[in-house]
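The structure under discussion appears below in the form of C-alpha coordinates.
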Amino acid sequence: MTRDENTCKGRVAACLSAIAILAAAPIPATAQQFAADLIARKDGTATAIGTLRVSGRKARIETTALPDGFFLLDTAGPAAYFVRPAAHVYMNAMQSSPLTQQFVPVDPDDPCRQWLAMAQLSAPIDLATWHCQHDGQQAIAGRDTEIYRIAAPSGLGFTGWIDRARSFPVQIKTEDGTVISADHIRDEPQPAQSFELPAGLRKFDPHALIRRIQQSDVWVEPPASQ
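Position one of the sequence shown corresponds to residue 199 (this note's numbering), numbered consecutively onward.
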(Lines of atoms letter the chains of each structure in order from A and count residues from 1; the text may use other names and numbers.)
(Lines give C-alpha, C1' and ligand atoms only; values in the text may rest on other atoms or scores of the structure.)
Protein backbone atom coordinates (compact mmCIF):
# COMPACT_ATOMS: atom_id res chain seq x y z
CA MET A 1 0.00 0.00 0.00
CA THR A 2 1.38 3.42 -0.99
CA ARG A 3 1.86 6.35 1.32
CA ASP A 4 -0.91 8.30 -0.48
CA GLU A 5 -3.35 5.43 0.04
CA ASN A 6 -2.51 5.30 3.75
CA THR A 7 -3.01 9.07 4.02
CA CYS A 8 -6.35 8.91 2.19
CA LYS A 9 -7.59 6.10 4.40
CA GLY A 10 -6.44 7.98 7.47
CA ARG A 11 -8.37 11.06 6.41
CA VAL A 12 -11.50 9.01 5.69
CA ALA A 13 -11.27 7.40 9.13
CA ALA A 14 -10.84 10.81 10.77
CA CYS A 15 -13.83 12.20 8.89
CA LEU A 16 -16.00 9.22 9.81
CA SER A 17 -14.95 9.60 13.45
CA ALA A 18 -15.83 13.30 13.43
CA ILE A 19 -19.23 12.58 11.87
CA ALA A 20 -19.93 9.95 14.53
CA ILE A 21 -19.04 12.42 17.32
CA LEU A 22 -21.28 15.12 15.84
CA ALA A 23 -24.13 12.66 15.40
CA ALA A 24 -23.90 11.60 19.04
CA ALA A 25 -23.74 15.18 20.35
CA PRO A 26 -27.02 16.62 21.64
CA ILE A 27 -28.69 19.06 19.25
CA PRO A 28 -29.93 22.23 20.94
CA ALA A 29 -33.70 22.44 20.83
CA THR A 30 -35.20 25.31 18.85
CA ALA A 31 -36.73 27.87 21.20
CA GLN A 32 -40.50 27.67 21.12
CA GLN A 33 -42.33 30.65 19.67
CA PHE A 34 -46.10 30.94 19.70
CA ALA A 35 -49.09 33.11 20.50
CA ALA A 36 -52.37 32.20 22.19
CA ASP A 37 -55.55 33.56 23.72
CA LEU A 38 -56.07 33.27 27.48
CA ILE A 39 -59.56 32.00 28.31
CA ALA A 40 -60.93 31.60 31.85
CA ARG A 41 -63.71 29.06 32.45
CA LYS A 42 -65.83 28.64 35.56
CA ASP A 43 -69.38 27.46 36.20
CA GLY A 44 -69.96 26.88 32.50
CA THR A 45 -68.94 30.42 31.50
CA ALA A 46 -65.92 31.17 29.28
CA THR A 47 -64.33 34.63 29.41
CA ALA A 48 -61.47 36.02 27.33
CA ILE A 49 -59.02 37.56 29.80
CA GLY A 50 -56.02 38.35 27.61
CA THR A 51 -53.42 37.25 25.12
CA LEU A 52 -50.09 35.49 25.40
CA ARG A 53 -46.87 35.53 23.39
CA VAL A 54 -43.86 33.30 24.05
CA SER A 55 -40.33 33.19 22.67
CA GLY A 56 -37.84 30.90 24.36
CA ARG A 57 -37.56 31.87 28.04
CA LYS A 58 -39.55 35.07 27.59
CA ALA A 59 -43.29 35.70 27.68
CA ARG A 60 -45.54 38.69 27.15
CA ILE A 61 -49.02 38.80 28.68
CA GLU A 62 -51.67 41.38 27.91
CA THR A 63 -54.80 41.33 30.07
CA THR A 64 -58.25 42.88 29.82
CA ALA A 65 -58.01 43.77 33.53
CA LEU A 66 -55.01 46.07 32.91
CA PRO A 67 -55.58 47.45 29.40
CA ASP A 68 -53.08 50.31 29.71
CA GLY A 69 -50.03 48.03 29.77
CA PHE A 70 -48.57 44.56 29.46
CA PHE A 71 -46.39 42.15 31.39
CA LEU A 72 -42.89 41.10 30.31
CA LEU A 73 -41.53 37.91 31.88
CA ASP A 74 -38.07 36.38 31.62
CA THR A 75 -37.32 33.19 33.56
CA ALA A 76 -33.62 33.48 32.72
CA GLY A 77 -33.34 36.59 34.94
CA PRO A 78 -35.68 36.00 36.49
CA ALA A 79 -37.64 39.18 35.89
CA ALA A 80 -41.28 40.25 35.75
CA TYR A 81 -42.28 43.79 34.75
CA PHE A 82 -45.51 45.65 34.11
CA VAL A 83 -45.00 48.11 31.26
CA ARG A 84 -47.14 51.22 30.66
CA PRO A 85 -45.93 52.69 27.35
CA ALA A 86 -48.32 55.67 27.32
CA ALA A 87 -47.08 56.74 30.77
CA HIS A 88 -43.45 56.04 29.74
CA VAL A 89 -42.85 53.90 32.84
CA TYR A 90 -42.37 50.29 33.84
CA MET A 91 -42.31 48.65 37.26
CA ASN A 92 -41.78 45.33 38.97
CA ALA A 93 -44.90 43.23 38.46
CA MET A 94 -44.98 42.15 42.12
CA GLN A 95 -48.51 40.89 42.95
CA SER A 96 -50.35 42.76 40.20
CA SER A 97 -51.43 39.52 38.50
CA PRO A 98 -51.10 35.82 39.43
CA LEU A 99 -50.71 35.09 35.71
CA THR A 100 -47.08 36.23 35.97
CA GLN A 101 -46.42 33.34 38.37
CA GLN A 102 -48.32 30.72 36.39
CA PHE A 103 -47.98 31.21 32.62
CA VAL A 104 -44.20 31.24 32.36
CA PRO A 105 -41.71 29.18 30.32
CA VAL A 106 -40.60 26.12 32.31
CA ASP A 107 -38.43 23.02 32.12
CA PRO A 108 -40.93 20.18 31.56
CA ASP A 109 -38.76 17.88 33.68
CA ASP A 110 -38.43 20.35 36.57
CA PRO A 111 -40.89 23.25 36.27
CA CYS A 112 -40.92 23.81 40.03
CA ARG A 113 -37.70 25.85 39.86
CA GLN A 114 -39.12 28.42 37.45
CA TRP A 115 -42.49 28.64 39.21
CA LEU A 116 -40.77 29.17 42.57
CA ALA A 117 -38.41 31.81 41.16
CA MET A 118 -41.29 33.79 39.66
CA ALA A 119 -43.31 33.50 42.88
CA GLN A 120 -40.35 34.86 44.85
CA LEU A 121 -40.31 37.96 42.63
CA SER A 122 -43.84 38.68 43.80
CA ALA A 123 -43.34 38.27 47.56
CA PRO A 124 -41.09 36.43 50.03
CA ILE A 125 -41.82 32.70 50.00
CA ASP A 126 -41.82 30.49 53.06
CA LEU A 127 -40.44 27.24 51.66
CA ALA A 128 -42.14 25.35 54.47
CA THR A 129 -45.53 26.29 52.99
CA TRP A 130 -44.71 26.13 49.24
CA HIS A 131 -44.70 22.69 47.61
CA CYS A 132 -44.57 21.51 44.01
CA GLN A 133 -44.95 17.92 42.85
CA HIS A 134 -45.56 15.89 39.70
CA ASP A 135 -49.05 14.39 39.46
CA GLY A 136 -49.13 12.35 36.26
CA GLN A 137 -49.87 12.99 32.60
CA GLN A 138 -52.96 13.94 30.63
CA ALA A 139 -53.81 14.76 27.01
CA ILE A 140 -54.98 18.35 26.49
CA ALA A 141 -56.29 19.29 23.05
CA GLY A 142 -54.64 16.21 21.59
CA ARG A 143 -51.20 16.92 23.10
CA ASP A 144 -49.54 15.10 25.99
CA THR A 145 -48.99 17.21 29.08
CA GLU A 146 -47.26 16.79 32.44
CA ILE A 147 -49.38 17.67 35.47
CA TYR A 148 -47.86 19.48 38.46
CA ARG A 149 -49.60 20.64 41.63
CA ILE A 150 -48.38 23.67 43.58
CA ALA A 151 -49.45 24.23 47.17
CA ALA A 152 -48.93 27.82 48.33
CA PRO A 153 -50.29 30.12 51.06
CA SER A 154 -52.86 32.89 50.56
CA GLY A 155 -54.82 30.93 47.96
CA LEU A 156 -52.00 31.07 45.40
CA GLY A 157 -51.81 27.32 44.86
CA PHE A 158 -52.67 25.94 41.43
CA THR A 159 -52.40 22.94 39.12
CA GLY A 160 -50.52 23.27 35.84
CA TRP A 161 -50.62 21.18 32.67
CA ILE A 162 -47.31 21.54 30.80
CA ASP A 163 -47.03 20.99 27.05
CA ARG A 164 -43.68 19.22 26.82
CA ALA A 165 -43.10 20.24 23.19
CA ARG A 166 -43.61 23.92 23.97
CA SER A 167 -42.04 23.88 27.48
CA PHE A 168 -45.00 25.87 28.69
CA PRO A 169 -48.14 25.37 30.80
CA VAL A 170 -51.15 25.37 28.46
CA GLN A 171 -53.69 25.09 31.27
CA ILE A 172 -53.87 26.31 34.87
CA LYS A 173 -56.51 25.49 37.48
CA THR A 174 -56.63 27.82 40.46
CA GLU A 175 -57.77 26.93 43.97
CA ASP A 176 -61.21 28.46 43.43
CA GLY A 177 -61.87 26.11 40.52
CA THR A 178 -61.22 28.56 37.67
CA VAL A 179 -59.53 26.92 34.66
CA ILE A 180 -57.40 29.26 32.53
CA SER A 181 -56.19 27.83 29.25
CA ALA A 182 -54.01 28.95 26.37
CA ASP A 183 -56.46 28.53 23.48
CA HIS A 184 -56.08 28.92 19.73
CA ILE A 185 -52.31 28.41 19.94
CA ARG A 186 -50.48 29.68 16.86
CA ASP A 187 -46.97 28.28 16.45
CA GLU A 188 -45.30 31.13 14.60
CA PRO A 189 -42.24 33.39 14.92
CA GLN A 190 -42.64 36.27 17.37
CA PRO A 191 -41.06 39.74 16.90
CA ALA A 192 -38.06 40.07 19.20
CA GLN A 193 -39.04 43.65 20.14
CA SER A 194 -42.29 42.37 21.64
CA PHE A 195 -40.27 40.99 24.56
CA GLU A 196 -38.05 44.01 25.17
CA LEU A 197 -38.67 47.16 27.21
CA PRO A 198 -39.52 50.05 24.88
CA ALA A 199 -36.85 52.73 24.68
CA GLY A 200 -37.17 55.84 26.79
CA LEU A 201 -39.08 54.33 29.71
CA ARG A 202 -38.16 55.06 33.32
CA LYS A 203 -38.57 52.57 36.13
CA PHE A 204 -41.25 53.51 38.63
CA ASP A 205 -40.46 52.59 42.24
CA PRO A 206 -43.55 52.89 44.49
CA HIS A 207 -41.41 52.45 47.59
CA ALA A 208 -39.25 55.42 46.59
CA LEU A 209 -42.39 57.49 46.03
CA ILE A 210 -43.64 56.61 49.52
CA ARG A 211 -40.27 57.57 51.02
CA ARG A 212 -40.36 60.95 49.24
CA ILE A 213 -43.87 61.62 50.52
CA GLN A 214 -42.83 60.70 54.06
CA GLN A 215 -39.99 63.21 53.87
CA SER A 216 -42.22 66.00 52.58
CA ASP A 217 -44.32 68.55 54.47
CA VAL A 218 -47.57 66.85 53.46
CA TRP A 219 -46.79 63.65 55.39
CA VAL A 220 -48.66 63.24 58.63
CA GLU A 221 -47.34 60.56 60.97
CA PRO A 222 -50.17 58.16 61.89
CA PRO A 223 -51.04 58.16 65.61
CA ALA A 224 -49.46 55.50 67.77
CA SER A 225 -51.76 52.62 68.60
CA GLN A 226 -53.26 52.76 72.06
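Glycine is no exception: its CB is placed at the ideal position from the N, C-alpha and C atoms.
Opposing strand residues paired with Arg347 [DSSP bridges]: Paired residue(s): Gln331, Thr357.
Straight-line Cα distance separating Ala390 from Ala337: One Cα belongs to Ala337, the other to Ala390, and the distance between them is close to 31 Å.
Expected contact under 8 Å - CB spacing of Thr245 and Ile237 to nearest Å: Right, the Cβ-Cβ distance comes to about 7 Å (below 8 Å), so this counts as a contact.
Neighbourhood of Arg364 by C-beta, 6 Å cutoff - its chain only, sequence neighbours within 5 removed: Excluding residues up to 5 positions away in sequence, Gln230 lie with their Cβ nearer than 6 Å to the Cβ of Arg364 in the same chain.
Whole beta strand (DSSP E) elements within the region 280-345, 3-residue minimum: Qualifying beta strand (DSSP E) stretches, in chain order: 287-290, 329-338.
Endpoints, beta strand (DSSP E) assigned at Thr376: From DSSP, Thr376 is part of no beta strand (DSSP E); its letter is neither H nor E.
Environment of Leu325 [buried if 16+ CB atoms lie within 10 Å]: The residue is exposed, with fewer than 16 neighbouring Cβ atoms inside 10 Å.
Buried or exposed by the 16-neighbour rule on C-beta atoms within 10 Å, applied to Gly267: Burial call: buried.
Inter-residue spacing [alpha-carbon to alpha-carbon] between Tyr346 and Ala315: About 16 Å.
Separation of Glu373 from Asp307, as counted between CA atoms: Rounded to the nearest angstrom, the gap between the Cα atoms of Asp307 and Glu373 is 23 Å.
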